[in-house]
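**Q** The structure follows.
What follows is the structure in structure tokens.
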């Protein structure tokens, strides 16, 4: 029978301890950044205190960020020099938290900044995909304003799929036509294309906020539900 010495047992327990520390550090990193992160066996994100020192994010080249086109939903001045492109998930608590922050940025910067919302539904949020498709149905039936009205309502009231028809009625859409559109799944490919464009721009979790200056071609990234001032610092850096 083989027996272990005290020294061997000490080394074994030290090795186990270091593995556990590595797992904890990796998990904590995504939480402190204020993001929901896609990955195998990823836990559903829980709301955490706003970080004061978020990790730096890789910044894509301007050419790697999909240009705005008629498939995008833009809030604010269409001719603004700066666009905040938010890759977002309608079931993500961090996305719900950053929503009023970006709304405030539009008020503070006026015609200098606009906001483009692109879908990035994470697989471990079961309602996110259909909720994203539902907002596209709202846009089909009522235009850009109804798209944003439904996005606002989902972040305010939740992404319960059984309530989407009620939300649609509340914002003035034909509920029957809306439900038929959602059930058809006709916008699944559009949401998938938006997610692919986010991945190409380096987005790894939600909300992924890619900020671009269309004149200078400079890009900044502010990932997660970060404080208002962090966004302002990034925008001011692009404007100067």
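Residue numbers (full-length UniProt numbering): 1 to 240. Ideal Cβ positions, reconstructed from N, Cα and C, are used throughout, including at glycine. Computed from a prediction, not measured in an experiment: that's the story for all the values here.
1) Exposed or buried, what is residue 83 when buried is set at 16 or more other beta-carbons lying within 10 Å of its beta-carbon?
2) For a test of the three-state rule: what should DSSP assign to residue 67, helix, strand or coil?
3) How is the alpha helix (DSSP H) around residue 144 delimited, first residue to last?
4) To the nearest angstrom, how far is it from the Cα of residue 198 to the Cα of residue 178?
5) Which residue from 101, 174, 100 puts its Cα closest to that of residue 134?
6) Could you have a look at residue 85 and say whether DSSP puts it in helix, strand or coil?
7) Which class does residue 210 belong to by DSSP, given the choice of helix, strand or coil?
8) From residue 164 to residue 131, what distance separates their C-alpha atoms?
9) Between residue 201 and the rest of its own chain, which residues show a CB-CB distance below 6 Å, the 5 nearest in sequence each way excluded?
10) Just checking my contact of residue 78 with residue 114 at CB under 8 Å: how many whole Å lie between their CB atoms?
11) Using CA coordinates, which residue listed in 92, 103, 112, 97 is at the minimum distance from residue 120?
**A** The short version:
1) buried
2) coil
3) 144-157
4) The alpha-carbon atoms of residue 198 and residue 178 are separated by roughly 27 Å.
5) 174
6) strand
7) Residue 210 falls in the strand class under three-state DSSP.
8) 8 Å
9) 60, 64, 65, 210
10) 7 Å
11) 92
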